[in-house]
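For the record, the sequence lines run as chains A and B.
According to numbering that gives the first Met the number 0, the residues represented by the first sequence are 0 to 340, in order.
According to numbering that gives the first Met the number 0, the residues represented by the second sequence are 0 to 656, in order.
Here a beta-carbon is modelled for each residue, glycine too, at the ideal position from N, C-alpha and C.
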Amino acid sequence: MTEPLLRTEGLTRHFRVGKLLSGQTLHAVDDVDLTIGRGEIVALVGESGSGKSTIARLLARVYKPTSGEIYFEGKPLSGMRSRRQRLAYCSDVPMVFQDPYSSINPAYRIAHAIGRGVRLHRRGLGHKGRRLEVEQVLDAVGLVPSGAAARKFPYELSGGQRQRVGFAQALAFRPKLIIADEPVSMLDVSIRIGILNLMSELREREGVSFLYITHDVASARYIADRVLVMYAGHLVEEGPTEAVLQRPKHPYTQLLLSAVPDPRAELRLSDKTDVGEPPKVIDPGEGCRFQPRCPFAIERCEVETPRLRPIGVHRLVACHVAEADAEDLHPDDAHLALTDS
Amino acid sequence: MSAQAMTATVEPATTPGPDPPLAEARRGFGADLWRAVGRNRKALAGLILLGFFLVLAVFPGQVAPHDPNAEVYQPALGPSAHHWFGTTAYGQDVLSQLIWGTRQSVIIAFAVGGLATALAVLIGVSAAYLGGIADGVLSLVFPLIIVIAAYEKNSGLFTLVVVLGALGWSYGARQLRSQTLSLRTRDFLESARVRGERKSYVIVFEILPTMTSLIVATFLGGALYAVLAAAGLQFIGLGDPNSQSWGTMLYWAENNEALGANMVLWAIMPGICVAGLGAAFALLNYAFDEISNPALRMRRLDRQIDTARNEAPVRRDGPPEPDGILAVRGLTVAYASDDGPVVAVDNVDLDVGRGEFLGIVGESGCGKSTLLYAIARLLGPPFAGQIMKGEILFQGRDLVALTERQLRHVRWREFSVVMQSAMNALNPVLSIRAQMRDACKAHSNLTAKAIEERSKEVLRLVSIDPLHLDSYPHQLSGGMRQRAMIAMALLFTPDLIIMDEPTSALDVVAQRSLMVQIKELQHKLGFAVVFVTHDMSLVSHFSDRVLVMYAAQVAEFGKTRQIFEHARHPYTRALLDAFPSIHGPKVHLAGIPGTPPDLSRPPAGCRFAPRCPHVMPRCTSAVPPLFNVERDLVRCVLYENGELPEGALATASQGAV
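Now the structure itself:
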């Protein structure tokens, strides 16, 4: 594995909910350790309410962690004191938002949306340098001719084009890691692939790492090297994409995979349908959070929270029941999966 | 991946993206604004009126025929050539007084409008964005100003402006505040924060520009209010009695009982002037609302669509199937836009059999939702489309010919509709029980007890505990809300349920379970389903037949299994190849280059031609008809002579790798 660009230790974020006195705590993210390597695309997969967007906002410093620490290039974020250091981090780790219709200010032309970031983070550039930079990043995300695109207003662009502007904004910072929070889920299926291709292209060309947050497992498989599966605030499974998706270990990962509609697969209407949804984790006790929905739950699951444990090469799972496959114990397999793209 | 594939996904700069009504709402202000003003009669009238008063206010000396204060004329004269509006009880010329009085009203209007707007922006926006204490303190401080100002002995123009401004900000501030609160969750503000912007920058440069229209409205409203309030205050003698203003004129006219004497115009004309200036601001305010929100403008849709327009040829393959429940024939729907009618559904034919599941797929903006709303006869604001021609035969009756009253008996009882977002479709302040009851009462005369029973029954059908009858929509999860919507659609056991992307707001697991549930209910109750989605894979396992729409027309229509195993139209093939699978080998995908065409200017000939990998010269000459290829209807000239040989289209759909 590459040397980590970003690492979290015990990252936790709780929100207070309810009234002042009868205060309850919503555990959005609990004790998450994750790493993102240089030039790596990591997919964070889970349903809404699983805490994946909270992780994105923790990494983008919109929220402060309740406990735990984020290390970027080895340095803890809580150690940042000056506005300059914080700005430097902002430009290293920008974020692309889910809804392309609300993530660009409708009152300004595209050039402003991108140029403002350049102005903020790269003060050396003059007016002309900024304009060139804006056109260059628009070129890079495939909005050509870039001069014309820069003069447009957001309403003149389609959803897919707007999302490209979102990536152009991020690129203009010369980032090291882009946090992409469900960047394709609001787009038509037919144009999603263009955005996914853009992400892997930017990784190849600019060496940017991505944290790709999604509930769509198939798209994660298409671009990610590694996949992290989240359920109710916990990471429940982690490993090389192909290994996790072909041989899911955690029962939740298995459920998630079985729900993906695939016209190429046979229909099995007899599938037991799971009508449950991820719980809101309010003042939780011990025990596996998936246990109420889990077909394999044993007594131990109710009393002891499973921790992530190694299961095969490069693979981790938080489940008392899961067992390693022979294939996962074979060291070559994981390596193959990493380079297969 | 090659650079070629990258740029291939970008459409030519000449086709602007989103649908026309939305596009205008998001328009920036500039040259477009002037064009819009030129077209808006209210704006023109308001500007002319305001211009007239401005000229009077700026050049009273040049315009007025006499000195307004000179008490040199004969008092209480009637109108004459020398004194158009007569003279006052003191022998002053009324017309000249009116003209000189304009200045103060205009100054008050602009000063108070400006002050009230500035305060409203400051208080409304900062209070909402910063929240907490700032909110309370700012709202407390400003009423104090009124007291301080009122304490001032000599209530001159300045005092008047300050008092009116301090009184007038609150309405605008409330609106700006709520607007800011709704903006606070918009991603572009979060994006600015993530970028590292300071709060002051976010307020001034990110929030304010998006509220231009509201700020202008606040200013115009403030000005209007100031003109009326100042005149009113002066009329009852609260102003400086020696000032030159319409209100003061009214005050003196009233004191001299002008109406009773021969000086009617002395009393009436200032009022007319106040009304005129007020009207100018009101007209501009209305006009601005209309320009910034095109939905308010009434547009006429010509029933006659240009018949030479390139229209989709349709083949009629005999009468509808005998067990058909719905037969749509030649349905054409258009929206009015500033650039003429936009045909969003073009000559669509379709049949739905009893108990059948029909999937309608296509990209956004291809007309699939419009088709569905037309079938349900739900077109109308905000879906301001009109059925231009065609028939919708439901159980033998033509829905197009029914009146709204007749429709009420059919809709919900015989067919029902499930909307895309349950959160928007359900009333947030009513419990599920109340909403079920309202639906039952509107469409039947069931007793309260029967309604209760039925409500419980349908909730059980969709696996929701009847306890949730007392729940409010926000207390239910996304999946449960959609189930509740479906339960409501089932209240009268309809024969047809029309669904508009009911699962697209849900996660995969919830989506899957909802689809399975719909299918199970269908087996149990036997209703037919028309299901609209942009995700073709979603319907692959659940629909009997699939209709693929492209740019308002039917591109392909056939049995689901056949279409998924052997798609014929290049567009269908492209849709199927557009998204990765979780099984099988990983392949590079190119997606579909470009975007669907702008329906106000559809391309000549086949509408998919600009994006089609198999395009030929004759594709652009005429719209191809629907060819019947082994009971699959395909609108593509490749199938002119029936089926293609095996593998003829094999490699093209993989795109540039």
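Would you list the one or two residues that DSSP bridges to residue i?
{"i": "A333 (chain B)", "result": "B:V342 and B:Q385"}
{"i": "P260 (chain A)", "result": "Answer is none; P260 (chain A) lacks a bridge partner."}
{"i": "D350 (chain B)", "result": "B:A326"}
{"i": "V28 (chain A)", "result": "A:R12"}
{"i": "L227 (chain A)", "result": "A:L43 and A:E237"}
If you draw a straight line from the C-alpha of residue i to the C-alpha of residue j, how long is it?
{"i": "A527 (chain B)", "j": "L330 (chain B)", "result": "20 Å"}
{"i": "K448 (chain B)", "j": "I431 (chain B)", "result": "16 Å"}
{"i": "S190 (chain B)", "j": "F14 (chain A)", "result": "21 Å"}
{"i": "T7 (chain A)", "j": "K74 (chain A)", "result": "11 Å"}
{"i": "Y251 (chain A)", "j": "E322 (chain A)", "result": "14 Å"}
{"i": "T306 (chain B)", "j": "Y549 (chain B)", "result": "At T306 (chain B), the pLDDT of 42 sits below 50, so the modelled position is not reliable; the number obtained from the coordinates is stated separately. Distance between the alpha carbons of T306 (chain B) and Y549 (chain B) is about 21 Å."}
{"i": "P15 (chain B)", "j": "D187 (chain A)", "result": "Any answer about P15 (chain B) is weak, because its pLDDT of 35 lies below 50 and its placement is not dependable; what the coordinates show is given next. Cα to Cα, the separation comes out at about 17 Å."}
{"i": "Y285 (chain B)", "j": "G50 (chain B)", "result": "17 Å"}
{"i": "A509 (chain B)", "j": "V529 (chain B)", "result": "20 Å"}
{"i": "C365 (chain B)", "j": "H533 (chain B)", "result": "10 Å"}
{"i": "L370 (chain B)", "j": "P624 (chain B)", "result": "19 Å"}
{"i": "L643 (chain B)", "j": "E39 (chain A)", "result": "44 Å"}
{"i": "V332 (chain B)", "j": "C618 (chain B)", "result": "25 Å"}
{"i": "L244 (chain A)", "j": "F563 (chain B)", "result": "24 Å"}
{"i": "E326 (chain A)", "j": "N640 (chain B)", "result": "52 Å"}
{"i": "R453 (chain B)", "j": "D464 (chain B)", "result": "14 Å"}
{"i": "L537 (chain B)", "j": "G50 (chain A)", "result": "26 Å"}
{"i": "S257 (chain A)", "j": "E301 (chain A)", "result": "25 Å"}
{"i": "E46 (chain A)", "j": "Q23 (chain A)", "result": "23 Å"}
{"i": "E662 (chain B)", "j": "R404 (chain B)", "result": "Nothing in the structure corresponds to residue 662 (chain B), since chain B is present only between 0 and 656."}
Contact check, residue i vs residue j under 8 Å by CB: the rounded distance?
{"i": "G604 (chain B)", "j": "S580 (chain B)", "result": "With a Cβ gap of about 33 Å, G604 (chain B) and S580 (chain B) do not count as contacting."}
{"i": "F356 (chain B)", "j": "F541 (chain B)", "result": "6 Å"}
{"i": "I177 (chain A)", "j": "V95 (chain A)", "result": "6 Å"}
{"i": "V416 (chain B)", "j": "A375 (chain B)", "result": "5 Å"}
{"i": "V515 (chain B)", "j": "H568 (chain B)", "result": "The Cβ separation is near 29 Å, so there is no contact."}
{"i": "R118 (chain A)", "j": "Y88 (chain A)", "result": "R118 (chain A) to Y88 (chain A), Cβ: 18 Å. No contact."}
What is the residue span of the beta strand (DSSP E) that residue i lies within?
{"i": "F287 (chain B)", "result": "Not the beta strand (DSSP E): F287 (chain B) falls in the alpha helix (DSSP H), residues V263 to S291."}
{"i": "D631 (chain B)", "result": "D631 to V633"}
{"i": "L210 (chain A)", "result": "S208 to T213"}
DSSP three-state call for residue i: helix, strand or coil?
{"i": "H479 (chain B)", "result": "As written in the sequence, residue 479 (chain B) is Met, which differs from the His given in the question. In this structure, M479 (chain B) counts as helix in the three-state DSSP scheme."}
{"i": "I581 (chain B)", "result": "coil"}
{"i": "A80 (chain B)", "result": "coil"}
{"i": "E8 (chain A)", "result": "strand"}
{"i": "F52 (chain B)", "result": "helix"}
{"i": "F28 (chain B)", "result": "Here F28 (chain B) scores only 47 on pLDDT, less than 50, and its place in the model is too uncertain to base an answer on."}
{"i": "E70 (chain B)", "result": "coil"}
{"i": "T446 (chain B)", "result": "coil"}
{"i": "L23 (chain A)", "result": "Checking the sequence shown, residue 23 (chain A) turns out to be Gln, not Leu. DSSP places Q23 (chain A) in strand when its eight states are reduced to three."}
{"i": "A527 (chain B)", "result": "strand"}
{"i": "P294 (chain A)", "result": "coil"}
{"i": "T184 (chain B)", "result": "coil"}
{"i": "Q135 (chain A)", "result": "helix"}
{"i": "E326 (chain A)", "result": "helix"}
{"i": "G558 (chain B)", "result": "The amino acid occupying residue 558 (chain B) in the given sequence is Lys; Gly does not appear at that position. Strand."}
{"i": "E403 (chain B)", "result": "helix"}
{"i": "Q97 (chain A)", "result": "coil"}
{"i": "S199 (chain B)", "result": "helix"}
{"i": "F393 (chain B)", "result": "strand"}
{"i": "A509 (chain B)", "result": "helix"}
{"i": "S66 (chain A)", "result": "strand"}
{"i": "V188 (chain A)", "result": "helix"}
{"i": "P75 (chain A)", "result": "strand"}
{"i": "Y549 (chain B)", "result": "strand"}
Could you check where the alpha helix (DSSP H) with residue i kicks off and where it finishes?
{"i": "R82 (chain A)", "result": "R82 to D91"}
{"i": "M535 (chain B)", "result": "M535 to V538"}
{"i": "M248 (chain B)", "result": "W245 to N254"}
{"i": "Y221 (chain A)", "result": "V216 to I222"}
{"i": "I109 (chain A)", "result": "I109 to H120"}
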